[in-house]
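Beneath this line is the structure, given in structure tokens, with notes to follow.
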Amino acid sequence: EIVLTQFPGTLSLSPGERATLSCRASQSVSSSKLAWYLQKPGQAPRLLIYGASSRATGIPDRFSGSGSGTDFTLIISRLEPEDFAVYFCQQYVSSPGTFGPGTKVDIK
Amino acid sequence: EVQLVESGGGLVQPGGSLRLSCAASGFTFRSYEMNWVRQAPGKGLEWVSYISISGTTIYYADSVKGRFTISRDNAENLVYLQMDSLRAEDTALYYCARGRYCSGGSCFEDYWGQGTLVTVSS
Chain A
32 EIVLTQFPGT LSLSPGERAT LSCRASQSVS SSKLAWYLQK PGQAPRLLIY
82 GASSRATGIP DRFSGSGSGT DFTLIISRLE PEDFAVYFCQ QYVSSPGTFG
132 PGTKVDIK
Chain B
39 EVQLVESGGG LVQPGGSLRL SCAASGFTFR SYEMNWVRQA PGKGLEWVSY
89 ISISGTTIYY ADSVKGRFTI SRDNAENLVY LQMDSLRAED TALYYCARGR
139 YCSGGSCFED YWGQGTLVTV SS
């Protein structure tokens, strides 16, 4: 099973700032089968990025994903108030698909 | 608009059973693989089970194998999760989610329901 580690655990930033979130896999995630989700309190996860860098339908371009192999990054170029939430990465290259523990982005 | 609506959660004693349902609408249900993913209170996400388009290929997480059964009804746009021999550690919010780019039961999920809460306690 591929184990995903996310860091930092919590990121405290102000609206308008840039957020950089990291996800590291215990084994190579081939074909960049890595997704990112956002989850707000009391809501279901929402898909942001798949294939490491492809934005899902309706996701604004301030969200960008990059990386390959074992190291992946999600960047939010300028934080909007609605972006303060928990972010999970997920690998879907091998079964079982696994999720990282999440990075909480909160307001500084 | 894609919608997934789960139901069937509740409070059950250890060793008991529940059947979760997920009603899908807004897309051609019979063309998509489906998954159940759960989230224990205050915790992260855990994939539970996958079912193929036809229902003939099924996968389970080791933690539920032999106790949970996934199925689907393509005529009624429904996916089910039969949960038997429930344990305290099965307590979680159970999400139904549409799978994409699946391989060996591993997918990313592009649409999620709002979840149904299962609490296993005496």
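Chains as they are written, first to last, in the working numbering: chain A, 32 to 139; chain B, 39 to 160. For glycine and all other residues, C-beta sits at the position ideal for the given N, C-alpha and C.
- Counting of Cβ neighbours within 10 angstroms places G133/A among the buried residues, the total reaching 16 or more.
- Taking the Cα positions, A83/A is about 11 Å away from C54/A.
- Annotation: the continuous beta strand (DSSP E) that includes T157/B extends over T154 to V158.
- Near chain A, meaning a CB-to-CB distance below 9 Å, the residues of the region 139-153 of chain B are Y139, C140, S141, G142, G143, S144, C145, F146, E147, D148, Y149, W150, G151, Q152 and G153.
- Contact annotation: the region 44-59 of chain B does not touch the region 46-63 of chain A, with fewer than three C-beta pairs closer than 8 Å.
- Relative to Q41/B, the option among R57/B, G48/B, T66/B and L56/B whose CA is nearest is T66/B.
- Between Y133/B and chain A, the shortest Cβ-Cβ separation is below 8 Å.
- Taking a C-beta distance under 8 Å as the contact criterion, I91/B and S69/B qualify as a contact pair.
- The three-state secondary structure of R57/B, taken from DSSP, is strand.
- With a threshold of 8 Å between beta carbons, Y81/A makes contact with chain B.
- Within the region 61-104 of chain A, not a single complete alpha helix (DSSP H) segment reaches 4 residues in length.
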